[in-house]
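K.L.:
The numbering of the sequence shown is the numbering used here, which starts it at 9 and goes up by one. Backbone N, C-alpha and C fix where the C-beta goes; we use that ideal spot for every residue, glycine too. For clarity, every value in this text was computed on a predicted model and none was experimentally measured. Below you'll find the structure I mean.
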Amino acid sequence: GKYASKLSGARILILGGTSGIGFCVAEACVEQNATVIVSSSSPAKISKAIERLKTSYPDKSANISGHPCDLSKPALLDANLSALLNTVTDGAKAKLDHIVYTSGDALQIVPLSEYTIENMYAAGTVRFFGPLLVGKLAPAFMNPGPTSSITFTGGTNSDKPNKGWVVVAAYGAGMEGIARGLAVDLAPLRVNMVSPGATHTELFGDIPDAVLQSFAAGTLTNTVGKPEDVAEAYVYAMRDRFITGTVISTDGGRLL
């Protein structure tokens, strides 16, 4: 069909695609008949994610693969991303159509008085400097033009910070600048950002029910986000070839 086939045959790399929102994006892309490559720092997580995807979509197993990439070490970030992009494109011979970046490490939520400058830098390695380097490196490994896209991840805390979230909010605001700046620099390739509200993923860990309820109470839907719903925003950003430089909010109305 005219609409259902928009991602059919596309080659899509999902950084952070082994869990949470990224895994749901991977599921959605497989359902749309795309070739999906998931990446995370953990080979074990990649194997498990591939197994889950192939079990859910046995007839599409040939379109599912994964490769590790450690984004947590600043000195190796450039080299590790270059190696990943080289590997998944066979040295830029099999170019990518889309890159989705949902990678994130555990958030360090402490008062600013407890941060050191090292902590501040470390908080941005995966969530800020990683995306910036994707913008630097990825275009050489992607098909050109508006049919291709990069979609990053921010969060509502840059617009409405929780108490104690100033460092996270700062990097989140910076991500909007990265998405808009790269949309200009890499045009006509498209670059966007999804800004999810509180979404119930593995990163939530053992958050007490009372905290989850407070997150839900801060929305108009009176719910916490589900990753399979938030994933739709990333799919949309890939499919709409006229959207670029845009932040897509999926937050249950938290900002109102």
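Could you check whether GLU184 and SER166 sit closer than 9 Å to each other, using their CB atoms as the reference points?
P.N.:
Yes, the Cβ-Cβ distance between SER166 and GLU184 is below 9 Å.
K.L.:
Relative to the C-alpha of ASP214, which residue among VAL38, TYR109, PHE136, ALA114 is closest?
P.N.:
When C-alpha distances from ASP214 are compared across VAL38, TYR109, PHE136, ALA114, the shortest belongs to ALA114.
K.L.:
Could you pull the DSSP bridge partners for ILE256 from this structure?
P.N.:
VAL202
K.L.:
Only counting the same chain, and skipping five residues up and downstream in sequence, which positions put a Cβ closer than 6 Å to that of MET150?
P.N.:
LYS103, LEU104, SER156
K.L.:
On the criterion of 16 or more Cβ atoms from any shown chain inside 10 Å, does LEU93 qualify as buried, or is it exposed?
P.N.:
buried
K.L.:
Do LEU61 and ALA34 have their beta-carbon atoms positioned less than 9 Å apart in this structure?
P.N.:
Taking the C-beta atoms as reference points, LEU61 is found nearer than 9 Å to ALA34.
K.L.:
At 4 residues or longer, what runs of the alpha helix (DSSP H) sit wholly inside the stretch 36-108?
P.N.:
51-64, 85-96
K.L.:
Identify every run of the beta strand (DSSP E) within the stretch 180-240, keeping only runs that are complete inside it and at least 3 residues long; order them along the chain.
P.N.:
198-204
K.L.:
Taking the alpha carbon of SER49 as the reference point, which residue from MET201, GLY74, GLN40 has its own alpha carbon closest?
P.N.:
GLY74
K.L.:
Decide if the stretch 50-57 is in contact with the stretch 82-89; the criterion is three or more beta carbon pairs, one per stretch, under 8 Å apart.
P.N.:
no
K.L.:
Which value, in whole angstroms, describes the spacing of the CA atoms of VAL176 and ALA130?
P.N.:
Their backbone Cα atoms lie some 11 Å apart in a straight line.
K.L.:
Within 10 angstroms of the Cβ of PHE160, are there 16 or more other Cβ atoms? Answer buried if so, exposed if not.
P.N.:
buried
K.L.:
Mapping DSSP to helix, strand and coil, what is SER121?
P.N.:
helix
K.L.:
Please go through the stretch 135-166 and give each complete alpha helix (DSSP H) segment of 4 or more residues, from N-terminal end onward.
P.N.:
138-145
K.L.:
If you follow the beta strand (DSSP E) that ILE22 is in, where does it begin and where does it stop?
P.N.:
19-23
K.L.:
May I have the straight-line CA-CA distance separating ALA187 from PRO119, to the nearest angstrom?
P.N.:
28 Å
K.L.:
Short check: CB of GLY189 to CB of SER111, under 9 Å?
P.N.:
no
K.L.:
Pick from SER47, SER13, GLY9: whose alpha carbon is nearest that of SER27?
P.N.:
Comparing alpha carbon positions, the residue from SER47, SER13, GLY9 closest to SER27 is SER47.
K.L.:
So does the stretch 224-236 actually touch the stretch 202-209, counting three or more Cβ pairs closer than 8 Å?
P.N.:
Because the criterion of three Cβ pairs below 8 Å is met, the stretch 224-236 and the stretch 202-209 touch.
K.L.:
Count the C-beta pairs between the stretch 196-204 and the stretch 215-226 that are closer than 8 Å, then say yes if the count reaches three, no if not.
P.N.:
no
K.L.:
Starting from the Cα of LYS101, find the closest Cα among ARG19, VAL108, SER13 and give me that residue.
P.N.:
ARG19
K.L.:
Thinking C-alpha only, which one of SER121, ALA239, LEU263, GLY143 is nearest ASN172?
P.N.:
Asn is not the amino acid found at residue 172; the sequence shown has Gly there. Nearest of SER121, ALA239, LEU263, GLY143 to GLY172, Cα basis: SER121.
K.L.:
Can you tell me whether PHE136 is buried or exposed? The criterion is at least 16 other CB atoms within 10 Å of its CB, across all chains shown.
P.N.:
buried
K.L.:
Please work out which residues of its chain come closer than 6 Å, Cβ to Cβ, to ALA181, disregarding the five sequence neighbours upstream and downstream, and give them in chain order.
P.N.:
The residues are SER166.
K.L.:
Quick check on the burial criterion: 16 or more other C-beta atoms within 10 angstroms. Buried or exposed for THR229?
P.N.:
exposed
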